[in-house]
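What the sequence shown shows, in the UniProt record's numbering, is residues 1 to 158, in sequence order. Virtual Cβ for every residue (Gly too), placed ideally from N, Cα, C. Computed from a predicted model, the values in this text were never measured in an experiment.
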Amino acid sequence: MDKSPVKPLIKHILVAVDFSPMALVTAQMAAQEAQLRGARLTLLHIFNPQMLNLQMPEEILPPTLDLREKLLHMAHAEMEKLRQSVTEGGITPQVEIVESGENIGKAVIAFGKAHEVDMLVVGSHGHGAIGRLLLGSVANDIVHYARCPVLVVKQPEE
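Below, the structure is given as structure tokens:
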């Protein structure tokens, strides 16, 4: 029988977050997995600039507002909140915001492949009915196309 130390199969966990109420639950679950496995953790948000092409009335969105910069600033602030909440649990995650015009699920998978991720963690629901549809499709893409284990965190029952 081989007495060599067992190497952890999962060394790097990537959690994709979208700033919905599920993001905190998903990040905390990923942090627990990272702690249990002695793995490093990366929090990832995919910023899709194509979402800025929405037609909005000037009363809602003044034309002088630099929406892209404002949204990126908000994304950094939200990622910092998530990083702090996860750090309080004993894990110090790496935080990444990646700008990508491609399908969000494919962008998550590409990031994971490029950074040698061993497990992906994603939430199963986003904001409201539209968010559930969109994040549901992201989670679905990740589950079907990822080449590593995927942990899907379901929304806790209220």
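Give a yes or no on whether the C-beta atoms belonging to I10 and A31 are separated by under 9 Å. With respect to the 9 Å criterion, I10 and A31 are not classified as neighbours on the basis of their beta carbons.
On the CB-based measure, 16 or more other CB atoms within 10 Å of its CB, does P49 come out buried or exposed? Counting every other CB atom within 10 Å of its CB across the protein chains shown gives P49 a total below 16, marking it as exposed.
Euclidean distance between Cα positions of V150 and V121: Between V150 and V121, the C-alpha separation is close to 6 Å.
Does the beta carbon of A23 fall short of 8 Å from some heavy atom of the ligand ZN? Among the components modelled here there is no ligand, and therefore nothing to report on the ligand ZN.
Within its chain, find whatever has a CB closer than 8 Å to the CB of Q35; leave out the 5 residues flanking it on each side and keep chain order. G89, G90 and I91.
What's the C-alpha gap between V153 and V25? Here the alpha carbon of V153 sits roughly 8 Å from the alpha carbon of V25.
Closest residue to D18 among T87, E157, L71 and H12 (Cα-Cα distance): Considering only alpha carbons, the answer is L71.
Nearest-angstrom Cα separation, counted from V98 out to M74: One C-alpha to the other measures close to 14 Å.
Under 9 Å, Cβ to Cβ, is there at least one residue of chain D near H45? As a matter of chain content, chain D is missing from the structure shown, which is built from one protein chain.
H12 vs E116 beta-carbon contact at 9 Å: By the CB criterion at 9 Å, H12 and E116 fall inside the cutoff.
Provide the residue span of the beta strand (DSSP E) that contains H115, from first to last. Looking at the DSSP string, H115 is not in any beta strand (DSSP E), and its letter there is neither H nor E.
Terminal residues of the continuous alpha helix (DSSP H) containing A27? For A27, the uninterrupted alpha helix (DSSP H) run begins and ends at P21 to R37, by DSSP.
Can you give the Cα-Cα distance for M22 and Y145, rounded to whole angstroms? Taking the straight line from one Cα to the other gives about 22 Å.
Through-space distance from R83 to A77, alpha-carbon basis: Linking A77 to R83 through their CA atoms gives a straight-line distance of about 10 Å.
DSSP state of G131, grouped into three classes? Per-residue confidence for G131 stands at a pLDDT of 49, beneath the threshold of 50, marking its modelled position as unreliable; the derived number appears in the next sentence. G131: helix per DSSP, three-state reduction.
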